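Those sequence lines, one after another, are chains A and B.
Numbering follows this note's numbering, with no gaps: position 54 of the first sequence is 54.
Heads up: take any position in the second sequence, counting from 1, add 254, and you land on this note's numbering.
There are 2 protein chains.
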Amino acid sequence: MTVIKPGKSQYQQIADLLQERIQDGTYAPGTLLPSEPELSRELDVSRVTVNKAVTLLRASGQVKVRRGAGTFVRSLPKLNRDAVARFAARNQGTGAGQVEISKLNLQSRTEYLHIGRVEAPAAVAEILGERDVLIRSRRLFANDEPTQLADSYYSWALTKDGPLTAAEVGKGGSYARLADLGVGPVRFSEDVNVRMPYDIERDRLEIEASAPIFEITHVAYAADDRPVSVTIHVMPGHLWTLRYTWDDPQESGQ
Amino acid sequence: MTVIKPGKSQYQQIADLLQERIQDGTYAPGTLLPSEPELSRELDVSRVTVNKAVTLLRASGQVKVRRGAGTFVRSLPKLNRDAVARFAARNQGTGAGQVEISKLNLQSRTEYLHIGRVEAPAAVAEILGERDVLIRSRRLFANDEPTQLADSYYSWALTKDGPLTAAEVGKGGSYARLADLGVGPVRFSEDVNVRMPYDIERDRLEIEASAPIFEITHVAYAADDRPVSVTIHVMPGHLWTLRYTWDDPQESGQ
DNA sequence: CAGTGGTCTAGACCACCAC
DNA sequence: TGGTGGTCTAGACCACTGC
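Here it is as structure tokens:
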């Protein structure tokens, strides 16, 4: 390869080159990249080197590989998740889950992976103070592309006879049902982490092993400050922007 | 290598193995991993394969390479950034910047990279509605390890004659100085994204090219809803947990 | 100067896809 | 069946570290 920038390795320069070509439309979204052997010939480097360059693009979500078929350019419309607004909007629909998607004229879909009684994961049990819980595990789609996994946990004793054990929970979503039980959430907190996906997450979200994901631990508190539900969101990092808004808590001075 | 799990590639299995050994203390934090040729012999694979496994650990921040010296196990105490609380606490110190660090008994330090008049980056200019801005660019450390880059932008016309053009801005931090000017922030918003670091960020934060970073765009609004400052935080993903807390905005709702 | 990781190559075999 | 990417190897040269 004709090395231009001396300070960089070949595979990094190739990654830069490919990235440029994606940016300027030479490789359009949805189309195939030239094959690795092809690029290998064009740039006069070994295929391993090309492959290493492509690996970088995969990690940043710009490209998606389908084995045997080729490497596709991804279109990257970012989804916006406004944490405060989405819960404020919950009385207009069937829950906060699909607010972001429907706003963008995308077709949203929810797939329920599991609804039932389970032993809570350690992190969840510690928050809820309970191991015997109801899980509502689901996968959300926009235009048939998976956009997030969301596992919600509730006290089993509290919810076992109610509508939360069914897929459709009715108007206002799960938080309205908690309100029906007298423990409507009034305060929320979210912890946001980034990490690499586990194997299962990688499969379910159809992302690369090297593509980082957001892990959001969302906790809802009732008026007496007891946590009443925990939801773990796992979302491909390249798909989402998270937004949080708040007022200065200093209104009554220091 | 003695392949145990058939569904996985060797380098993934080796990465799992190394991860286990880090978890269980076989490789303690701060110590050196066995060298790649050594692992190559032990596991009976080529060095390239070992290297590829180590690459995975680097992306998740578990390991840090110093060329010529070796591969070190990182200690990973997560820093907690509570967005709401850190601004509430600003009147106790010299700003929100160091709240998280000092809480953990770590030694905090701020290095000023640049303070002066610049042309605003496009994203910042769009928010502020102004291209002529003051930048306060800094790098923050905990125990001499870089923990984040923070670039703050203010209208140059507004701040050019004030204390914000000096390194030390005094009690209450920059937001107290904006309040002195009659545009004290009363509302905040943050947009959170994840991406791979640029080269400069990689160098300044001393992280791997494959390690994802948080990019937080923090905007402060004055009482008249005008944005008065923008701060871009760039933080290594493996170092931080972000926390946001809010009350149900439905108090007067339907 | 010996040891470390960074990078690159040529060649190979494989699983998977589309035709 | 031919093309695609996934993976692995042996060997090589390099820059950098620490003694």
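Beta carbons are placed, not taken as given, at the ideal position from N, Cα and C, and that holds for glycine.
Note that the structure is a prediction, hence the values are computed from the model and not measured.
Item	Value
I'd like to know whether the C-beta atoms of residue 312 (chain A) and residue 466 (chain B) end up nearer to each other than 8 angstroms.	For residue 312 (chain A) there is no data in the structure shown, the boundaries of chain A being 1 and 254.
Would you mind listing the beta strand (DSSP E) stretches within the region 385–465 of chain B that are 3+ residues and don't spill past its ends, in chain order?	386–396, 399–409, 439–449
What is the DSSP secondary structure of residue 66 (chain A), counted as helix, strand or coil?	strand
Would residue 142 (chain A) pass as an interface residue toward chain B - the criterion being a Cβ-Cβ separation below 8 angstroms?	no
Compare the beta carbon distance of residue 222 (chain A) and residue 169 (chain A) with 8 angstroms and say whether it is the shorter of the two.	no
Please list the terminal residues of the continuous beta strand (DSSP E) segment that includes residue 247 (chain A).	240–247
State the Cα-Cα distance for the pair residue 502 (chain B) and residue 144 (chain A), rounded to the nearest angstrom.	32 angstroms
Is residue 382 (chain B) helix, strand or coil by DSSP?	helix
In chain order, what residues of the same chain have a beta carbon less than 6 angstroms from the beta carbon of residue 329 (chain B), not counting five sequence neighbours either side?	283
Using 8 angstroms as the limit for Cβ to Cβ distance, is residue 491 (chain B) near chain A?	yes
Restricting to Cα atoms, I'd like to know which of A:147, A:18, A:136, A:61 is closest to residue 108 (chain A).	A:147
Which residue from A:178, A:173, A:229 puts its Cα closest to that of residue 217 (chain A)?	A:229
Pull the bridge partners of residue 476 (chain B) from the DSSP assignment, please.	B:439
How would you list, in chain order, the residues of chain A whose beta-carbon sits under 7 angstroms from the beta-carbon of residue 500 (chain B)?	84, 188, 246
Excluding the five sequence neighbours on either side, which residues of its own chain have a C-beta within less than 7 angstroms of the C-beta of residue 367 (chain B), listed in chain order?	391, 392, 393
For residue 488 (chain B), which option in B:265, B:412, B:335 has the closest C-alpha, if you only look at C-alpha atoms?	B:335
Sort out for me which residues DSSP pairs residue 227 (chain A) with in a bridge.	A:221
Kindly confirm or deny that the region 154–168 of chain A and the region 119–137 of chain A touch, where touching means at least three C-beta pairs closer than 8 angstroms.	yes
What residue range is occupied by the uninterrupted alpha helix (DSSP H) comprising residue 362 (chain B)?	Residue 362 (chain B) -> not in any alpha helix (DSSP H); beta strand (DSSP E) instead, spanning 362–373.
Does residue 222 (chain A) come within less than 8 angstroms of chain B when only Cβ atoms are used?	no
Name, going along the chain, the residues of the region 208–234 of chain A whose beta-carbon falls closer than 7 angstroms to a beta-carbon of chain B.	210, 212, 214
Since residue 444 (chain B) and residue 244 (chain A) are thought to touch, with beta carbons under 8 angstroms apart, how far apart are those beta carbons, to the nearest angstrom?	5 angstroms
Please classify residue 208 (chain A) as buried or exposed, where buried requires at least 16 neighbouring CB atoms within 10 angstroms.	buried
Comparing the C-beta of residue 192 (chain A) with each C-beta of chain B, is any distance below 8 angstroms?	yes
Tell me the residue span of the beta strand (DSSP E) that contains residue 32 (chain A).	From DSSP, residue 32 (chain A) is part of no beta strand (DSSP E); its letter is neither H nor E.
Note down, in chain order, each residue of its chain lying with its Cβ closer than 7 angstroms to the Cβ of residue 21 (chain A), except the 5 sequence neighbours on either side.	27
With distances taken from CA atoms, which of A:88, A:128, A:78 is nearest residue 106 (chain A)?	A:78
What does residue 313 (chain B) touch in chain A if you count any residue whose Cβ is under 9 angstroms from its own?	59, 196, 210, 212
Taking just the CA atoms, how far does residue 175 (chain A) sit from residue 508 (chain B)?	In this prediction, residue 508 (chain B) scores a pLDDT of 37, lower than 50, which makes its location untrustworthy; no coordinate-derived value is stated.
Cα separation between residue 15 (chain A) and residue 150 (chain A)?	33 angstroms
Are any of the Cβ atoms in chain A nearer than 8 angstroms to that of residue 439 (chain B)?	yes
Measuring only between beta-carbons, confirm whether residue 241 (chain A) sits less than 8 angstroms from chain B.	yes
I'd like the list of long-range same chain contacts for residue 115 (chain A), defined as Cβ closer than 6 angstroms, with 5 residues on each side in sequence excluded.	136
Checking contacts by CB at 8 angstroms: is residue 341 (chain B) closer than that to chain A?	yes
Determine the DSSP secondary structure at residue 16 (chain A), reduced to helix, strand or coil.	helix
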